[in-house]
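In our numbering, the protein residues as written are 184 to 480.
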C-alpha cells in the first residue's frame, strides 16, 4: 500500500496486456499464451500466397525503425514527467490566485482556502474512485488545491516571513533526494515498508483528528503540538515523522510508476501517475509549512 491512486492504477494495468486487452490465466508480459509450432509445420511464404513484391515490402518494413513505447501507446517516463510538470504548473497558477485574493482581503483568502480544500477533497475522491482517467478532473484538482495552498501560504508568510520559500526548498530537497536514492538502488519499496507507512499514516490521521476535536470542544486550551517532552514540542516530533512518511510514500509512488512502465501500461495512466505524485508533493509541502512554523515558535 502506498498512494491509493497508484494502487488502483496498478490493479488495472495488471489486468490488461500492453496492447490494452484483458489478460488470460498464465499470461506473462512478453510471452505468448500458446507455444510456437515446430518449424516443419510452419507453411512457407509461397504456400501462404505471398508474392515477390510482398516479400520486398516486408523486408523494407523489417529494415525500418521499430515501434517504440510511444508508437504502441504505452506509458513512458517522459509521459509521467510532462504530465506531472503540467499539473504542478496549474497548481502554481491556482496558488498565485489564492495569494492575490488573500493579499487583497484576508477574508477573500480564507474563503478561497475553504473552497479550495473542500473542492480538492471532492475532486480527489472522484479521481481516486473513478474507473475512467479524466485529465480535465486532474487539472481541476490541481487548480482548486493550488488556490487553497496559495491562500494558506500567504497567511503563513504573513505570520512567519520567509517560511514559504523555506518550505518549497525543503519539499524539493526531500523529493530530489528520495528520487536519487530510489533510482540509484539505495532504497527499495517493500511490503514491510508499505505496512509501516500505512500504520504511521493512520496514526497521524487519528492524532490530528483527536487534536482538532479536543481544541474545538474546549477540553484543551491549546494544541497538543505545544506539549513538550524533554523540552521538545510534541508537534515538532510529529512533523518530522510526517515528513518521513511522505518520503516513504514517494518511494512507493516511484516504484509503482516503474512497474507500470515496465509492464507496458497504456499511456493514459500517465495522468493517474501525475495525480498521485501531485497529491504526495502537496501533502509534503503542507507538512513542511507546519514543521517550519513550529520551529519558528
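Ideal placement from N, C-alpha and C gives every residue a C-beta, glycine not left out.
| Item | Value |
| --- | --- |
| Residue closest to residue 435, alpha-carbon to alpha-carbon, out of 376, 351, 268 | 376 |
| C-alpha gap between residue 280 and residue 329, whole angstroms | 8 Å |
| Where the alpha helix (DSSP H) through residue 394 begins and ends | 374-399 |
| Reduced DSSP secondary structure (H/G/I, E/B, other) of residue 411 | strand |
| Identity of the residues DSSP links to residue 257 by a beta bridge | 449 |
| Same chain, Cβ closer than 7 Å to residue 486, five either side skipped, listed in chain order | The requested residue 486 is not part of the displayed model; the chain covers only 184 to 480. |
| Touch test, the segment 400-412 against the segment 377-389, Cβ-Cβ under 8 Å, three pairs minimum | no |
| Residue burial classification, residue 369 (beta-carbon count within 10 angstroms, cutoff 16) | exposed |
| Rounded separation between residue 431 and residue 221 - CA only | 50 Å |
| Inter-residue spacing [alpha-carbon to alpha-carbon] between residue 275 and residue 393 | 32 Å |
| contact_flag[the segment 463-476, the segment 280-298] where n(CB pairs < 8 Å) is 3 or more | no |
| Cβ contact check for the segment 288-298 and the segment 334-347: 3 or more pairs under 8 Å | yes |
| Residue environment, residue 395, which counts as buried when at least 16 other CB atoms sit within 10 Å | exposed |
| Cβ pair count under 8 Å reaching 3, the segment 315-325 against the segment 352-360 | no |
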